[in-house]
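Please read the structure below before turning to the comments.
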Amino acid sequence: MNGSPALDNPILKNGVQKDSKTLSESEKTFPIEVFPKEVQEIILELHRKAKYPIEYLGGALLSAMATAIGTTHICKLDDDKFDCAMLWIVMIGNSSTNKSRSIQTFFEPIVQRDVELYKEYKQELDQWWDSNCVGKEP
Numbered sequence: 006m007n008g009s010p011a012l013d014n015p016i017l018k019n020g021v022q023k024d025s026k027t028l029s030e031s032e033k034t035f036p037i038e039v040f041p042k043e044v045q046e047i048i049l050e051l052h053r054k055a056k057y058p059i060e061y062l063g064g065a066l067l068s069a070m071a072t073a074i075g076t077t078h079i080c081k082l083d084d085d086k087f088d089c090a091m092l093w094i095v096m097i098g099n100s101s102t103n104k105s106r107s108i109q110t111f112f113e114p115i116v117q118r119d120v121e122l123y124k125e126y127k128q129e130l131d132q133w134w135d136s137n138c139v140g141k142e143p
């Protein structure tokens, strides 16, 4: 028993078949079984084909998910305390081990959406200025 249920069971909880003897050391360091089967498959595919370490992919994905959720959902912690999905990730590793690429992989859709929203905002702001500031400022 090594402390990880996924490594003690040849089948991960969500159905991705793995034998602990075929898991690389990188695959043993992050509990990908916490993710849905489809997400596990994406992580394993990126790990095997692009050589991104699983622990970097898992951390980057959790951070991207928290960023995407942002303040759209607020948790009531106490009668007067509220918080949102916030997760700080620090990736420490040697140079050229795909830390940045792992982050970029999961943040790219968020960055693209942010660029789109900014263009829309800029267009609305330009229209507002062209109308001599009539109406509510975007």
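My numbering puts the first residue of the sequence shown at 6, with every later residue one more than the last. By construction, the Cβ of each residue, glycine as well, lies at the ideal position given by its N, Cα and C atoms.
As assigned by DSSP and simplified to three states, the class of residue i
i, result
"residue 85", "coil"
"residue 97", "coil"
Where the alpha helix (DSSP H) through residue i begins and ends
i, result
"residue 93", "Careful: residue 93 lies outside any alpha helix (DSSP H) and carries neither H nor E."
"residue 104", "104–135"
"residue 72", "59–74"
"residue 43", "42–55"
Inter-residue CB distance, residue i and residue j (contact presumed, cutoff 8 Å)
i, j, result
"residue 63", "residue 37", "6 Å"
"residue 69", "residue 115", "6 Å"
"residue 71", "residue 49", "That pair is no contact at about 22 Å."
"residue 51", "residue 57", "5 Å"
Pairwise C-alpha distance: residue j and residue i
i, j, result
"residue 118", "residue 99", "31 Å"
"residue 94", "residue 47", "20 Å"
"residue 102", "residue 89", "31 Å"
"residue 84", "residue 73", "26 Å"
"residue 138", "residue 113", "34 Å"
"residue 106", "residue 136", "44 Å"
"residue 80", "residue 53", "37 Å"
Close beta carbons around residue i, own chain, < 7 Å, minus the five adjacent residues each side
i, result
"residue 20", "Residue placement at residue 20 is poorly supported in this model, since its pLDDT is 43, which falls under 50; the coordinates are not used for a value here."
"residue 143", "126, 129, 130 and 133"
Neighbourhood of residue i by C-beta distance below 6 Å, restricted to the same chain and skipping five residues each side
i, result
"residue 60", "34 and 35"
"residue 75", "none"
Chain-order list of residues whose beta-carbon lies under 8 Å from that of residue i (same chain, five-residue window excluded)
i, result
"residue 82", "88"
"residue 140", "133"
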